[in-house]
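Letter by letter, the sequence shown follows residues 1 to 204 of this note's numbering. We treat Cβ as the ideally placed atom computed from N, Cα and C, and that holds for glycine.
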Amino acid sequence: MPRRWIVLAVLFAARAATGFQFQSVGSTTNVLMHDLALSYVQLGMLLGAYLLPGIVVAFPAGLIGQRVRETTLGLGGLALMVVSGVALSYCDSFAAALVARVIGGVGATIVILVATKMTTDWFAGREIVLAMSLLQMSWPFGAMVALPAQTYLAQSLGWPAVMASSAMLALIVLGAFALLPRSPVQAETAAAARTGLPVKILVP
1 MPRRWIVLAV LFAARAATGF QFQSVGSTTN VLMHDLALSY VQLGMLLGAY
51 LLPGIVVAFP AGLIGQRVRE TTLGLGGLAL MVVSGVALSY CDSFAAALVA
101 RVIGGVGATI VILVATKMTT DWFAGREIVL AMSLLQMSWP FGAMVALPAQ
151 TYLAQSLGWP AVMASSAMLA LIVLGAFALL PRSPVQAETA AAARTGLPVK
201 ILVP
């Protein structure tokens with residue numbers, strides 16, 4: 001299998017992990033409201049807190065991405081998602097849960113940006129349409145899988161297990177992300193920096 005499709009599979013998993021973690025509050029609504037004494041307003045804030053960083057973080061993350069390797073930035077985003085999931089599993093108040101959700105939202109925003117950028121680096125021509133289509137499916141796929149899986153976990157082991165499962169998934173993806181090869185665009189940039197000559201991009 002060409003490397004670019006393996007890379008896309010990892011990017012799909014990374015973006016799906018963001019959907020899985022977003023859904024963790026929605027899947028545990030009843031028990032979460034009971035244990036943390038949440039109102040419906042506070043519950044809505046926890047749901048929205050995961051998406052809010054996208055408004056604030058997206059542009060700065062894009063600027064940082066111009067100076068840092070995409071894989072490094074993606075690893076940072078996944079690490080924040082791990083921290084968020086672990087922190088949520090130990091939360092005993094609304095304020096703590098809100099902070100943890102914001103941290104996860106920052107990480108998810110970074111992961112989504114990086115996944116899109118890396119897909120455009122690895123695919124060209126007609127293939128990029130298919131690759132982007134598959135990538136766009138990943139977030140709803142993660143949320144869809146989360147609904148039955150997280151509900152079962154919440155009923156069997158409690159809502160902290162659901163939050164921990166989102167951290168575990170992000171950690172697994174982080175391990176795979178760390179093994180990704182350098183993209184053709186990155187290789188061209190590095191070669192040009194060494195030689196001062198233009199290098200043709202070859203997509204494997």
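In the DSSP assignment, residue 104 falls within the unbroken alpha helix (DSSP H) covering 94-122. Contact check for residue 80 against residue 174 fails: the beta carbons are separated by 7 Å or more. A contact between stretches requires three or more CB pairs, one per stretch, nearer than 8 Å, and the segment 28-40 fails this requirement with the segment 127-145. In this chain, the alpha helix (DSSP H) harbouring residue 4 covers 3-26.
Going by beta carbons, residue 94 and residue 21 fall outside the 7 Å limit. Boundaries of the alpha helix (DSSP H) harbouring residue 152: 127-157, taken from the DSSP string. Within the segment 26-75, the complete alpha helix (DSSP H) segments at least 4 residues long are 29-36, 40-49, 53-65, listed from N- to C-terminus. Contact holds between the segment 82-94 and the segment 164-183, because three or more Cβ pairs, one in each stretch, are under 8 Å apart.
Shortest Cα-Cα distance from residue 140 to any of 3, 153, 23, 110 involves 23. C-alpha of residue 110 to C-alpha of residue 156: approximately 32 Å in a straight line. Cα atoms of residue 54 and residue 106: separation of roughly 7 Å, rounded to the nearest angstrom. Assignment of residue 178 by DSSP, reduced to helix, strand and coil, places it in the coil class.
Three or more beta-carbon pairs separated by less than 8 Å are not found between the segment 57-70 and the segment 4-21, which leaves the two stretches without contact.
A straight line joining the alpha-carbon of residue 52 with that of residue 137 spans about 21 Å. When secondary structure is reduced to three states using DSSP, residue 166 falls in the helix class. Non-local C-beta neighbours of residue 89 in its own chain, meaning closer than 6 Å and more than five positions away in sequence, comprise 160, 163, 164, ordered along the chain.
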